[in-house]
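> Take this structure, written in structure tokens, and hold onto it; I'll ask about it next.
In our numbering, the protein residues as written are 645 to 871.
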């Protein structure tokens with residue numbers, strides 16, 4: 645009987661490993677990641693998740709863990725705060741393993757067209773399939789604020805002359821975003837309907853637009869889109 649139990653446990657363990665490997669193999673097929681990369685992402689996800697899903701807060705924990713292992717993902721984007729929402733395909737407020745790994749695959753290694761669609765979705769905050777001027781302003785504001793925040797974190801502690809006032813940064817980011825969007829929107833909106841379609845956005849995005857935040861002679865470039 646003891647031998648039978650041991651055999652049962654052994655089969656169970658083998659079965660568990662086989663199932664995990666099957667999942668890793670499937671996700672390697674579905675994504676642009678190598679098997680080693682998928683395995684590392686799977687391991688990180690399972691370390692953080694207790695029920696096969698992660699919340700927004702746990703997603704940030706995952707990214708921090710991955711960053712410690714030199715996993716590269718685009719951080720200086722104007723829609724960093726919307727990454728979780730972009731990966732949450734079924735809008736249930738959590739990410740499962742598939743959403744996590746497939747989403748990061750597109751974000752990090754997707755084709756230019758896939759990244760443009762992801763960027764468009766990030767700007768299209770209300771999800772109506774178009775980008776309004778207000779949505780453009782919102783994302784441009786995030787771009788400038790991301791640049792200033794990165795500069796503040798990177799150089800704030802080593803430069804005693806740097807006075808960091810995040811409220812001032814936010815106000816300046818708003819003003820710059822409104823000015824930029826107001827001057828650019830009409831030329832981007834080629835059919836004059838007051839909103840940007842994906843094709844209109846794509847023409848703009850393919851120029852790889854960037855903003856440059858400057859603070860006490862330090863500069864931080866932020867890409868407006870993923871490409």
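Backbone N, C-alpha and C fix where the C-beta goes; we use that ideal spot for every residue, glycine too.
As the structure is a prediction and not an experimental result, all values here were calculated from the model.
#1: Once the 5 residues before and after residue 692 are set aside, which same chain residues still bring their CB inside 8 Å of it?
#2: How long is the line joining the alpha carbons of residue 687 and residue 787, rounded to whole angstroms?
#3: Considering Cα atoms alone, identify which of 739, 856, 753 and 814 is closest to residue 716.
#4: Whole angstroms is fine: what's the gap from residue 679's alpha carbon to residue 818's?
#5: Going along the chain, which residues of its own chain have a beta-carbon closer than 6 Å to the beta-carbon of residue 856, five neighbours each way excluded?
#6: What would DSSP say about residue 733, mapped onto helix, strand or coil?
#7: Note down, in chain order, each residue of its chain lying with its Cβ closer than 6 Å to the Cβ of residue 747, except the 5 sequence neighbours on either side.
#8: Please classify residue 785: is it buried, with 16 or more other beta-carbons within 10 angstroms of its beta-carbon, or exposed?
#9: Rounded to the nearest angstrom, what separates residue 824 and residue 673 at their Cα positions?
#10: Report the partner residues of residue 854 according to the DSSP bridge assignment.
#11: Please report the distance separating the alpha-carbon of residue 801 from that of residue 782.
#12: Rounded to the nearest angstrom, what separates residue 763 and residue 869 at their Cα positions?
#13: Can you tell me the Cα-Cα spacing of residue 694 and residue 777, whole angstroms?
#14: With a threshold of 6 Å (Cβ to nearest heavy atom), would residue 771 be considered close to the ligand ADP?
#15: What residues in its chain sit with their C-beta under 8 Å from that of residue 804, if we drop five residues either side in the sequence?
#16: Check for me: the alpha helix (DSSP H) holding residue 686 runs from which residue to which?
#17: How would you label residue 850, buried or exposed, when you count the other beta carbons within 10 angstroms and need 16 or more for buried?
#18: Beta-carbon within less than 6 Å of residue 723's beta-carbon, same chain only, minus the 5 sequence neighbours each way: which residues are those?
#19: Is residue 757 near residue 750, with beta carbons less than 7 Å apart?
#20: Grouping DSSP H, G and I as helix and E and B as strand, with all else coil, what is residue 862?
#21: Can you name, in chain order, every residue of its own chain whose Cβ lies under 8 Å from the Cβ of residue 738, other than the five neighbours on each side?
#22: Just the Cα atoms here: how many angstroms apart are residue 820 and residue 743?
#23: Which residue's Cα is closest to the Cα of residue 740: 835, 690 and 854?
#24: Thinking C-alpha only, which one of 789, 713 and 794 is nearest residue 814?
In terms of the structure at hand:
#1: Along the chain shown, read from residue 1 onward, the residue named residue 692 stands at position 48. Taken in chain order, the residues that qualify are 698, 702, 705, 706 and 709.
#2: Against the chain shown, residue 687 aligns to sequence position 43. Against the chain shown, residue 787 aligns to sequence position 143. Answer to the nearest angstrom: the Cα atoms are 32 Å apart.
#3: Taking the chain shown and counting its residues from 1, one reaches residue 716 at position 72. The option with the nearest alpha carbon to residue 716 is 753.
#4: Here residue 679 is taken as the residue at index 35 of the chain shown, counted from 1. Here residue 818 is taken as the residue at index 174 of the chain shown, counted from 1. Looking at the two C-alpha atoms, the distance is approximately 43 Å.
#5: As a first step, residue 856 is located in the chain shown; it is residue number 212 there, counting from the start. Around residue 856: 863 and 865.
#6: For the purposes of this step, residue 733 is identified with residue 89 of the chain shown, where counting begins at 1. Residue state, collapsed to three classes: coil.
#7: Indexing the chain shown from 1 puts residue 747 at position 103. So the list reads 731, once near-sequence residues are dropped.
#8: Translated into the one-based positions of the chain shown, residue 785 becomes position 141. Result: buried.
#9: Residue 824 sits at position 180 when you count from the first residue of the chain shown. Residue 673 sits at position 29 when you count from the first residue of the chain shown. Computed Cα separation, rounded: 42 Å.
#10: Locating residue 854 in the chain shown gives position 210, where the first residue counts as 1. Partner(s): 867.
#11: Looking up residue 801 in the chain shown gives position 157. Looking up residue 782 in the chain shown gives position 138. Here the model assigns residue 801 a pLDDT of 49, short of 50, so the residue's position is not dependable, and the following value carries that caveat. The straight-line gap from Cα to Cα measures roughly 29 Å.
#12: Mapped onto the chain shown, residue 763 falls at position 119. Mapped onto the chain shown, residue 869 falls at position 225. Distance between the alpha carbons of residue 763 and residue 869 is about 6 Å.
#13: If you number the chain shown from 1, residue 694 lands on position 50. If you number the chain shown from 1, residue 777 lands on position 133. Cα to Cα, the separation comes out at about 41 Å.
#14: You won't find the ligand ADP in this model; it holds no ligand whatsoever.
#15: Sequence index remark: in the chain shown, residue 804 carries index 160 (1-based). Note that residue 804 scores a pLDDT of 45, beneath 50, so its modelled location is shaky and nothing firm can be said.
#16: Walking along the chain shown from the start, residue 686 turns up at place 42. Run containing residue 686: 679-692, per the alpha helix (DSSP H) assignment.
#17: Position 206 of the chain shown, counting from 1, holds the residue named residue 850. Counting Cβ neighbours within 10 Å, residue 850 comes out exposed, since fewer than 16 surround it.
#18: Here the question's residue 723 lines up with position 79 in the chain shown. Result list for residue 723: 766, in chain order.
#19: The count along the chain shown starts at 1 and reaches residue 757 at position 113. The count along the chain shown starts at 1 and reaches residue 750 at position 106. Their beta carbons are not under 7 Å apart, which means residue 757 does not touch residue 750 by this criterion.
#20: Here the question's residue 862 lines up with position 218 in the chain shown. Strand at residue 862.
#21: On the chain shown, position 94 is the one that residue 738 refers to. Excluding positions up to five away in sequence, the list reads 697, 698, 699 and 732.
#22: Locating residue 820 in the chain shown gives position 176, where the first residue counts as 1. Locating residue 743 in the chain shown gives position 99, where the first residue counts as 1. Approximately 35 Å, taken between the alpha carbons.
#23: Here the question's residue 740 lines up with position 96 in the chain shown. Considering only alpha carbons, the answer is 690.
#24: One-based indexing of the chain shown puts residue 814 at position 170. Checking every option, the nearest Cα to that of residue 814 belongs to 789.
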